[in-house]
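These protein sequences, in sequence, are chains A, B and C. Read in order, the letters of the first sequence correspond to residues 1 to 233 in the working numbering. Read in order, the letters of the second sequence correspond to residues 234 to 531 in the working numbering. Read in order, the letters of the third sequence correspond to residues 532 to 979 in the working numbering.
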Amino acid sequence: MRTADAAIADLEVMPLRELNAAFHAPDVAAIAPVWRVKNPHGAHALACGVDAPIAIDIDGHVGYYCAGMNQQATVHIHGNAGTGVAENMASGTVIVDGDASQSAGASGLGGLLHVRGSAAARCGISMKGIDVVVRGDVGHLAAFMGQAGTLIVCGDAGEGLGDSLYEARLFVRGRVASLGADCIEKPLREGDRATLAALLERCGEHGVDPADFRRYGSARRLYHFHVDHAGAY
Amino acid sequence: MCGIVGLFLKDRRLEPDLGRYLVPMLTSMAARGPDSAGVAVYGPPAAATVKITLARRTPEATFDAVAALAGETAHGAPVVRGDHAVFAIDAAAADEILARIRAELPAFDVTAAGNRIEIYKDVGTPAEVAGKLDLVAVGGTHAIGHTRMATESAVTVNGAHPFSTGRDQCLVHNGSLSNHHSLRRRLAHDGVRFATDNDSEVAAAYLSRQMANGRDLRGALEAALADLDGFYTFVVGTERGFAVLRDPVACKPAVMAETDAYVAFGSEYRALAALPGIAAARVWEPAPATVYVWEHAA
Amino acid sequence: MASSRGSALPPVFSATFDEFSLAEIRRAAATGVYDIRGMGAKRRLPHFDDLLLLGASISRYPLEGYREKCDTRVTIGARFASKPIELAIPITIAGMSFGALSAQAKEALGRGASAMGTSTTTGDGGMTAEERRHSTQLVYQVLPSRYGLNADDLRRADAIEIVVGQGAKPGGGGMLLGQKIDERVAAMRTLPAGIDQRSACRHPDWTGPDDLAIKILELREITDWRTPIYVKVGASRPYYDTALAAKSGADAVVIDGMQGGTAATQTTFIENVGLPTIAAIRPAVAALEELGLYRTVQLIVSGGIRSGADVAKALALGADAVSIGTAALVALGDNDPAYEAEYAALGTTAGAYDAWHEGRDPAGITTQDPELAARLDPVAAGKRLANYLSVLTLETQALARACGKSHVNHLEPEDLVALTVEAAAMARVPLAGTDWIPGNPAMARGDA
């Protein structure tokens, strides 16, 4: 991507609608591939529905659904993110320097979400292919009903990790408060170590050894209803 | 349903500006709660005094009737804000005066009673309510605010939060309780009287009852975790500070910010964005099923 | 030895422990698993049959057919969206997933609906290319599971429907059993083939109307405020739900009564949760009227709509449009007696076949089996649906004209009376021949 001067958007003077419309312009990658957004002040739905290989830096904390349904763009939040950051993202990269609130990466289809702080409850809920890397901790019910994709937690995980899990792969380095229904620990294989190494490297998370992680996945007992497992429902 | 805001001033020099900070917090939560808004403000203590905050139900009702009833027990004239008035009366006479107001003056709702608390609430957007009350001019040590989107009960002044069910106590709630009818019946059986059919009033009354039975605020909130079912973020106001509790599932939002000068609460970060020094504040989210209390020394 | 009661009395069955209850208890004891089926509530419930329209008389004059127009057009979603949905008729096709239905069935629904100038709706599984190609107006559902949800399809949709719940199971999540999760369905839903699909009952990234408002904002921003956004709820607390959906920023509210169908859920859920459709409409309308949003926010009603009479009565109670699901499938050929031998082999009979979750539908509609699905010719079936929609429309117009209406949306509650006390109370119309409307609506809302 060619370097270019950043287009500056100040949300204290520019309406959100105008900024998002600019991000959605068909030729945005040619006209303004680099953006700096100032004074977000917790605004919701900022940089959602972007579908272009542009870079967006946001100086401050954002509200809900920042970079929701992101495609191709790199969105870097220099602050905290509210509920549902990068929800249903299909491609591209979203970086949160601070903490992410609930449901980070919810139903994400692809791309990479990197949270440098901690994420709250339901991180990676319903994930469908997204890669989520969290430097800190995650709250309860991380990867609830996770179908596909990879969740890497360098810190601790709260209660009910991987509850009702399908095929998403979970790696946690710290303590897991408890495992959810049908989620079990699985051996860490050579291929898993390679996956971990590649994603951690991509996120610049140095000094973290893949061998320190434990892998969690579905026991697959809920794949076909059986009365003996009725208690898990 | 709702937006909640709260502000606890650690730096006493900010006390005259409490309202100035609170109003933008409240108006930023208008989208979460367009129907009605309310605030509880805690002012300086006064010896042997109980302040009673009243809201008149119709614009024609005048506070003279209350003044007449209070008579000699009142310390000076009431302070009037919009459709509200605060009467300071002798603490020893408070129970009787309150009973008489409830029995003889149906044109007025008692929104709060206590040594330091005042509660103002009204229908309308937060900006309309704040304007009517001239809230920017209010001072105090701590305050809680609420913007309401009514869910299963009517939009009335009475139905607005904060709910006060004990002296200097109040509660605001974002969420929906699922067993409040049963709790209400149990409390009513124990003699508690309710002004509304609102689930949040039940939560407030539950906590007041726990504290009347000897639990402290922390203990009452811990009991609530077991007895209250549903989704909630509560902010509870007390004479000396406030408390925060989220239910274990924690679907309703909560954001806090702390500096040397204050501890602040908002349903969304947007509510905190205009506070002084917010850029350098510690911003974090309270954990589920965990009681948090901030209080000034007595 | 003969019983002491002798032969003087015939055997007496219990109304409580009737043959169905007994059979269900035996089934539960044998299997240890709850019964699952498709369709909506089957038991007798107060319904549109218990309401009658008052026709023209000396005080009210009818309109002639043909020459004197009775308009059926309705616009959905103009509140906030720059491209609302323009329907030629006030009857749409409700959300049913590819997965629950075969691709041929989805194509047939699209063809039939488009021929009549109305919309179809995706279901709990996402948008297929066939459906987008064959539906001139396609409503795209956003469900708790988020199966198949993606931004590209969102932008291709003509409207978005955020599903909070459906009439068959308010509070329940979706369900699709392994036998219907073939490779294509599985790929769309990001699931392994052949496993039972569990669906969440709450959305993953919002709970409550205050956060729904922010979700709606996000979807509007992603679609640049072009696309109408509906909110669909199962009939449960329609007064509050409609008010909250409107306050959260919806363009339209869809209310689905308990007669509304499903591809599969627990029978106990279908029969015991929710409200009959005729009980859900007046409260929803009242909520909109009190907010000053009636007709600004449109109300779409579904759950057991079968005939033009049902359509007319739903419109008279205040709906802007209705939606059909089960009826559309029957029009395509579901439960057709022509397949009686195969229904018998499945242990059932035409008209009672509801094991849609098993995916062995002889009509090729609620199945993924390629041989069975091939039995449905999408073009012919689409024509059948168009025929049926035509008849529904003509019937609705005939009834509306008889009530003196030049637009079907001019039908009003005062055009209705009830045959039973229950229907009168639920629909808030007088018992026929009387002025009596039982019940106190204010008390029901807890205002007292």
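All C-beta atoms in this analysis are idealised placements derived from N, C-alpha and C, irrespective of residue type, glycine included.
Original post:
Could one say the Cβ of PRO267(B) lies closer than 9 Å to chain C's Cβ atoms, at least one of them?
Top reply: yes
Subject >> Residue environment, VAL299(B), which counts as buried when at least 16 other CB atoms sit within 10 Å >> reply: buried
Original post:
Counting contacts by CB-CB distance shorter than 9 Å, is THR897(C) in contact with chain B?
Top reply: no
**OP:** Drop a sphere of 10 angstroms on the beta-carbon of PHE800(C), count the other beta-carbons inside from all chains shown, and report buried for 16 or more, exposed for fewer.
**Re:** buried
Original post:
Near HIS529(B), what residues of its chain come up, given a Cβ to Cβ distance below 7 Å and the 5 sequence neighbours on each side ignored?
Top reply: Cβ within range, chain order: THR374, ARG473, GLY474.
Original post:
Of the residues ILE322(B), VAL313(B), ARG400(B), which one's Cα is nearest the Cα of THR282(B)?
Top reply: ILE322(B)
Subject >> Nearest to GLY110(A) (by Cα), restricted to the options GLN72(A), ASP137(A), ALA52(A), ILE77(A) >> reply: GLN72(A)
**OP:** Using a cut-off of 7 Å between C-beta atoms, extract the partners of LYS778(C) located in chain B.
**Re:** Within chain B, the residues near LYS778(C) are PRO267, MET382.
Original post:
Curious, which full-length beta strand (DSSP E) runs of at least 3 residues does the segment 669 to 730 of chain C contain?
Top reply: 669 to 673, 690 to 694
Original post:
By DSSP, does HIS76(A) sit in helix, in strand, or in coil?
Top reply: strand
Original post:
Going straight from the alpha carbon of ASP131(A) to that of HIS414(B), what length do you get?
Top reply: 44 Å
Subject >> With 16 other Cβ atoms within 10 Å as the buried cut-off, status of ASN431(B) >> reply: buried
Original post:
What separation, rounded to the nearest whole angstrom, lies between the Cα atoms of HIS145(A) and MET127(A)?
Top reply: The sequence given here places Met at residue 145(A); His does not occur at that position. Cα-Cα distance, rounded: 7 Å.
Original post:
Between which two residues does the alpha helix (DSSP H) containing ALA776(C) stretch?
Top reply: 769 to 778
Original post:
Quick one, which residues of the segment 45 to 65 of chain A are near chain C if we go by CB-CB under 8 Å, in chain order?
Top reply: ALA45, CYS48, GLY49, ASP51, GLY63, TYR64, TYR65
**OP:** Verify the CB distance criterion: does PRO395(B) have a CB-CB separation below 9 Å to chain C?
**Re:** It does not: the Cβ of PRO395(B) has no partner Cβ on chain C nearer than 9 Å.
**OP:** Give the secondary structure of ARG2(A) by DSSP, where H, G and I count as helix, E and B as strand, and everything else as coil.
**Re:** Residue placement at ARG2(A) is flagged as unreliable, the pLDDT there being 46, under the threshold of 50; the coordinate-derived value follows with that caveat. Correct three-state label for ARG2(A): coil.
Subject >> Beta-carbon neighbours of PRO735(C), restricted to chain A and to distances below 7 Å >> reply: SER103, ALA106, SER107, ARG122, ILE125, SER126
Original post:
Listing by chain order, which chain B residues have their CB less than 8 Å from the CB of THR738(C)?
Top reply: PHE464, CYS484, LYS485
Original post:
Considering ASP742(C), what are the terminal residues of the alpha helix (DSSP H) in which it resides?
Top reply: Counting along the chain, the alpha helix (DSSP H) containing ASP742(C) begins and ends at 740 to 753.
Subject >> For LEU161(A) and MET974(C), the rounded distance between their alpha carbons >> reply: For MET974(C), the predicted structure reports a pLDDT of 47, less than 50, and the residue's modelled location is therefore unreliable. The matter cannot be settled from this model.
Original post:
According to the Cβ coordinates, are THR652(C) and LEU669(C) closer than 9 Å?
Top reply: yes
Original post:
Between HIS41(A) and chain B, is there a C-beta pair that is closer than 9 Å?
Top reply: yes
**OP:** State the DSSP-derived secondary structure class of TRP967(C), mapped to helix, strand or coil.
**Re:** coil
**OP:** Could you tell me which of TYR166(A), ALA181(A), GLU185(A) sits nearest to ARG175(A), measuring between CA atoms?
**Re:** GLU185(A)
Original post:
Do MET89(A) and GLY105(A) have their C-beta atoms closer together than 9 Å?
Top reply: Yes, they are a contact pair.
Original post:
Given that a residue counts as buried once 16 or more other Cβ atoms are within 10 Å of its Cβ, and exposed if not, what is ILE831(C)?
Top reply: buried
Subject >> Segment contact, 8 Å Cβ cut-off, at least three pairs: the segment 407 to 421 of chain B with the segment 454 to 473 of chain B >> reply: A contact exists between the segment 407 to 421 of chain B and the segment 454 to 473 of chain B.
**OP:** Have a look at LEU819(C), MET647(C), ARG568(C), ILE809(C) and flag the residue whose alpha-carbon is nearest the alpha-carbon of SER767(C).
**Re:** ILE809(C)
Subject >> Which residues DSSP lists as bridging PHE467(B), in chain order >> reply: HIS406(B), LEU478(B)
Original post:
chain A partners of VAL516(B), CB-CB under 7 Å?
Top reply: In chain order: HIS61, ASN80.
Subject >> Proximity test, Cβ basis, 9 Å: LEU505(B) and chain A >> reply: yes
Subject >> Segment limits, beta strand (DSSP E) that includes ARG314(B) >> reply: 312 to 314
**OP:** Mind reading off the beta-carbon distance from LYS778(C) to MET382(B)? Whole number of angstroms is fine, and I expect it under 8 Å.
**Re:** 6 Å
Original post:
Given ASP99(A), which residues of its chain have a CB within under 8 Å of its CB, disregarding the five upstream and five downstream residues?
Top reply: ASN80, ALA81, VAL115, GLY117, SER118, ALA119, ALA120, GLY136
Original post:
Since ALA744(C) meets chain B, which of its residues come closer than 9 Å, beta carbon to beta carbon?
Top reply: ALA264, ARG265, MET382
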